Amino acid sequence: PQSLEQNRSIVKLTLNRNQFKLFPDVIFSLTNLQILNLALNQIETIPETFCEMNKSVKLLALQHNQIHFLPNNIGMMENLILLDVTQNHIISVPSTIPACQKLRALFLSGNPLPSFPRDLLHLSKLQQLRLSSTQLSGVPPQLGLLTCLEELL
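Structure below.
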């Protein structure tokens, strides 16, 4: 809706349990957005322009969609604290993820990850990492270097 596009003060937007296949265009104009919940839709991709234009997002909930990969420029989301992409089709994590230096929680459970994404070892402030129900056969011993890690599922 046009009125929503003109409201730049929106900081939280929940559009879960719909049938979106794409990110709604209105999201790109919400430059103060901090919390975005698009869970339980049919979204297939996260547009790279979203990462470029929505750097204020702190919580991004995209669980139970049809996403196959995270955008290569995800590292541009410098304020991201929680990323939940549980139950998608993600098989790898981009090497730019360590640029999300404020990331505290990363939920990758239920994705067909064939191997542990080594770039996660550079997320020094990570407190929660969820990797259950993936295709991992193990985790590297270097995981112990993540001294802030409190929860590993």
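First residue of the sequence shown? That's 73 in the working numbering, and the numbers climb one at a time after it.
All residues carry an ideal CB built from backbone N, CA and C; glycine is no exception.
All values derive from a computational prediction rather than experimental measurement.
Three-state secondary structure (DSSP) of residue i
i: Ile-146; result: helix
i: Leu-152; result: coil
i: Arg-89; result: coil
i: Glu-223; result: strand
8 Å CB neighbourhood of residue i in its chain, flanking five on each side removed
i: Ile-153; result: Lys-130, Leu-131, Lys-174, Leu-175, Arg-176 and Ala-177
i: Leu-198; result: Leu-175, Arg-176, Ala-177, Leu-178, Leu-192, Leu-218, Cys-220 and Leu-221
i: Pro-212; result: Phe-188, Arg-190 and Leu-193
Residue of the options minimising C-alpha distance to residue i
i: Asn-79; options: Pro-119, Asn-104, Leu-94 and His-140; result: Asn-104
i: Pro-184; options: Leu-134, Ser-205 and Leu-215; result: Ser-205
i: Pro-31; options: Gln-214, Met-149, Ser-187 and Glu-223; result: In the structure as shown, the chain starts at 73 and stops at 225, and residue 31 therefore has no counterpart that could be examined.
i: Gln-200; options: Arg-89, Ser-164 and Ser-181; result: Ser-181
i: Gln-114; options: Gln-106, Ile-99 and Asn-88; result: Asn-88
Quiz prompt | Runs of beta strand (DSSP E) lying entirely within the segment 162 to 186, each at least 3 residues, in chain order | solution = 177 to 179
Quiz prompt | Whole beta strand (DSSP E) elements within the segment 94 to 134, 3-residue minimum | solution = 107 to 109 and 131 to 133
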